[in-house]
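>
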Amino acid sequence: MQHFLKKCSHGAILLSAIAATYGGAAHAGCTYTVTNSWGAGYTAAIRVTNDTNARVNGWQVNFAYAKNTVTNAWNAQLSGNYTATNLGWNGGLNPGQSAEFGFQAVTNGGAVETPSLSGNLCGAAASSANSVSSRAISSSLAPSSIAASSRISSSINQSSSISSVTPIANNIATLATATTSYVSPWETLAAVNDNSIPANSNDKSKGAYGNWNNPNSIQWVQYEWPQTYSLTQTQIYWFDDNGGVLTPTRAYIEYWTGSNWVSIGDVPLTKNAFNNLPLNSIVTNRLRVSMSNTTQSTGILEWRVAGTPIGQPASSSSSSRSSMASSSSNSSAGNCTGPLAGTRGSNPLLPNIFTADPASFVHNCRFYITAGRDEGTNGFLLRS
387 MQHFLKKCSH GAILLSAIAA TYGGAAHAGC TYTVTNSWGA GYTAAIRVTN
437 DTNARVNGWQ VNFAYAKNTV TNAWNAQLSG NYTATNLGWN GGLNPGQSAE
487 FGFQAVTNGG AVETPSLSGN LCGAAASSAN SVSSRAISSS LAPSSIAASS
537 RISSSINQSS SISSVTPIAN NIATLATATT SYVSPWETLA AVNDNSIPAN
587 SNDKSKGAYG NWNNPNSIQW VQYEWPQTYS LTQTQIYWFD DNGGVLTPTR
637 AYIEYWTGSN WVSIGDVPLT KNAFNNLPLN SIVTNRLRVS MSNTTQSTGI
687 LEWRVAGTPI GQPASSSSSS RSSMASSSSN SSAGNCTGPL AGTRGSNPLL
737 PNIFTADPAS FVHNCRFYIT AGRDEGTNGF LLRS
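Just remember that this note's numbering sits 386 ahead of the position in the sequence shown, which is counted from 1.
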């Protein structure tokens, strides 16, 4: 429930461009960043990093404004003017690990302020980001790559990619139908193939796919095209909100041969970047990514695919849960022969189970329907 409230409280906040400057002094692991500004108000984020040599089981950050006022906060408890303390799920930090919280504020007629920070992990030398352009974005590191004895400072212009992997331009994922084992009610599967370029792994401005609350479980997202393609490359930008949805600890790609799924390889697990995997010109019309995190759920901000079509598109149709029946009569693909006059399938096609979100296609004159299986008794439960 706590994670659900966290999601709802900040899901609509636009996390656009971020710039971060990390202090160089020991035990000064707190940074303040203005993430978006619109004149009368703004959003900001404070990142707390444990740069000690021991685990910390709670953190606190103190800051104050001359004129600005905080109106809403997420990922932390905020009191007074102002003291922020961790929530239950983000208080424990091992050496090198970080937690981030954010808030919305109003200027009250003044300028956007960048206050000094203090707290148990914010030494006197802790630095705040100076006034930043909304075109700057953050470059952050996975916790395992942050040395306890050093800090890194980076500011990157949004006009260039935040990663060394150039996003696929001819993205055929936009032509595919996406399905999934599970998507959180407050997030959207449509985000995975909307051709967006995230600013960072917590950029939900274009929506995000997540499968909370399914910790330590394999969840999948699948693309299906109405025709076969020779696929050359795929890229995934992971969703990570520093809370209940984290970058996977394992992820792999499979393709459909017409009779079974075959593994292609593991997807890199870099945060705040497009992760690239060559596909070596495999020929298929279905691609699937499976992912898991040992402690939390997983998610995707963008999944791109490059490839070229082979042959002519197969005809497709769709139907709803209540009317998914009878029409295996599509004969418009190639030289396929239609059903004999008077023949009819059962209605519904699958009388003993509930299905949802069907998609259809023709391959070698055979009509296929794929659908999610709904096992729920009170509401939906789509696990396959």
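C-beta atoms are modelled at their ideal positions from N, C-alpha and C, and glycine is treated no differently. Just so we're clear, the structure is a prediction, and the values are computed from it rather than from any experiment.
Mind checking G496: buried by the 16 CB within 10 Å criterion, or exposed?
Looking at its Cβ environment, which holds fewer than 16 other Cβ atoms inside 10 Å, G496 is exposed.
> Apart from the five residues just before and just after T670, which ones in its own chain have a Cβ nearer than 8 angstroms to its Cβ?
Once the five neighbours on either side are set aside, the close Cβ partners of T670 are T614, Y615, L617, Y641, W642, T643.
> Whether or not the region 732-739 and the region 592-608 are in contact is what I'm after, with contact meaning three or more pairs of Cβ atoms, one per stretch, closer than 8 angstroms; do they touch?
Because the criterion of three Cβ pairs below 8 angstroms is not met, the region 592-608 and the region 732-739 do not touch.
> Report buried or exposed for G474, applying the criterion of at least 16 other Cβ atoms within 10 angstroms of its Cβ.
Classification of G474: exposed, given that the 10 Å Cβ count is below 16.
> G505: buried (16+ other C-beta within 10 angstroms of its C-beta) or exposed?
Label assigned to G505: buried.
> Give the straight-line distance between the Cα atoms of M677 and A594, rounded to the nearest whole angstrom.
Approximately 15 angstroms between the Cα atoms of the pair.
> What does R672 pair with, by DSSP beta-bridge criteria?
Answer by DSSP bridge pairing, in chain order: E610.
> Leaving aside the five residues before and after P345 along the sequence, list all residues of the same chain whose C-beta is less than 7 angstroms from its C-beta, in chain order.
The structure shown does not extend to residue 345, since the chain is modelled only from 387 to 770, so the question has no answer here.
> The beta strand (DSSP E) that contains C722, what's its start and end?
Per DSSP, C722 belongs to no beta strand (DSSP E) and is neither H nor E.
> Distance check for Q619 and S667, CA to CA, integer angstroms please.
Going by the C-alpha atoms only, they are around 8 angstroms apart.
> Would you call L767 buried or exposed, if buried means 16 or more other Cβ atoms sit within 10 Å of its Cβ?
Classification for L767: exposed.
> Give the DSSP-derived three-state secondary structure of A576 in the structure shown.
A576 falls in the helix class under three-state DSSP.
> Applying the 10 Å Cβ sphere with the 16-neighbour rule, what's the burial state of N463?
Here residue 463 is Gln; the residue named in the question, Asn, does not match the sequence. Its Cβ having fewer than 16 others within 10 Å, Q463 is exposed.
> Quick check on T565: does DSSP put it in helix, strand or coil?
Reduced to three states, the DSSP call for T565 is strand.
> I think V492 touches S423, with their Cβ atoms under 8 angstroms apart; what is that distance to the nearest whole Å?
So it is not a contact: roughly 11 angstroms between Cβ atoms.
> Is it buried or exposed for G488, if we count other Cβ within 10 angstroms and need 16 for buried?
By the neighbour-count rule (16 or more Cβ atoms within 10 Å), G488 is buried.
> With DSSP as the reference, identify every bridge partner of A497, one or two as the case may be.
None; A497 has no bridge partner.
> Under a three-way DSSP split, which group does I739 fall into?
Coil, per DSSP.
> Counting only runs of 3+ residues fully inside the region 577-647, write out the beta strand (DSSP E) ranges in chain order.
List check, beta strand (DSSP E) in window: 605-624, 636-642.
> To the nearest angstrom, how far is it from the Cα of A459 to the Cα of V748?
Distance between the alpha carbons of A459 and V748 is about 51 angstroms.
> Suppose the cutoff is 6 angstroms on Cβ atoms and the five residues either side in sequence are ignored; what does the same chain contact list for G415 look like?
For G415, where only same-chain residues beyond five positions count, the Cβ hits under 6 angstroms are T435, D437, L507.
> State the CB to CB distance for the pair A692 and N581, rounded to an integer number of angstroms; the pair is presumed to be in contact (CB under 8 angstroms).
That pair is no contact at about 13 angstroms.
> Quick one: what does DSSP say T560 is sitting in, helix, strand or coil?
In the structure shown, T560 sits in a helix (DSSP, three-state: H, G or I).
> Going straight from the alpha carbon of A426 to that of T552, what length do you get?
C-alpha separation (whole angstroms): 36 angstroms.
> Using a Cβ-Cβ cutoff of less than 6 angstroms, which residues in the same chain neighbour A661 once the five nearest sequence positions on both sides are dropped?
Here the sequence assigns Asn to residue 661, which means Ala is not the residue at that position. Closer than 6 angstroms at the Cβ level, and outside the excluded window around N661, lie I622, V653, P654.
> Can you give the Cα-Cα distance for Y428 and E486, rounded to whole angstroms?
Those two C-alpha atoms are separated by around 17 angstroms.
> Looking at Q483: is its Cβ nearer than 7 angstroms to the Cβ of T457?
It is not a contact, given that the beta carbons lie outside the stated cut-off.
> Measuring straight from C-alpha to C-alpha, what distance separates L503 and N628?
Their Cα atoms are separated by approximately 21 angstroms.
> Does DSSP put Y428 in a helix, in a strand, or in coil?
DSSP places Y428 in strand when its eight states are reduced to three.
> Mind checking who G758 pairs with in its DSSP beta bridge?
Answer is A742, bridged to G758.
> Apart from the five residues just before and just after Q446, which ones in its own chain have a Cβ nearer than 6 angstroms to its Cβ?
So the qualifying residues of the chain are T471, G505, N506.
> If the criterion is Cβ atoms closer than 7 angstroms, does the pair I639 and V607 meet it?
No, the pair does not count as a contact, with Cβ atoms beyond the cut-off.
> With DSSP as the reference, identify every bridge partner of T471, one or two as the case may be.
According to DSSP, which records beta bridges pairwise, T471 is partnered with Q446, Q463.
> I'd like to know whether the C-beta atoms of S591 and V631 end up nearer to each other than 7 angstroms.
No. Outside cutoff.
> Using alpha carbons as the reference points, say which of A757, L561, V569, W572 lies closest to W771.
The structure shown does not extend to residue 771, since the chain is modelled only from 387 to 770, so the question has no answer here.
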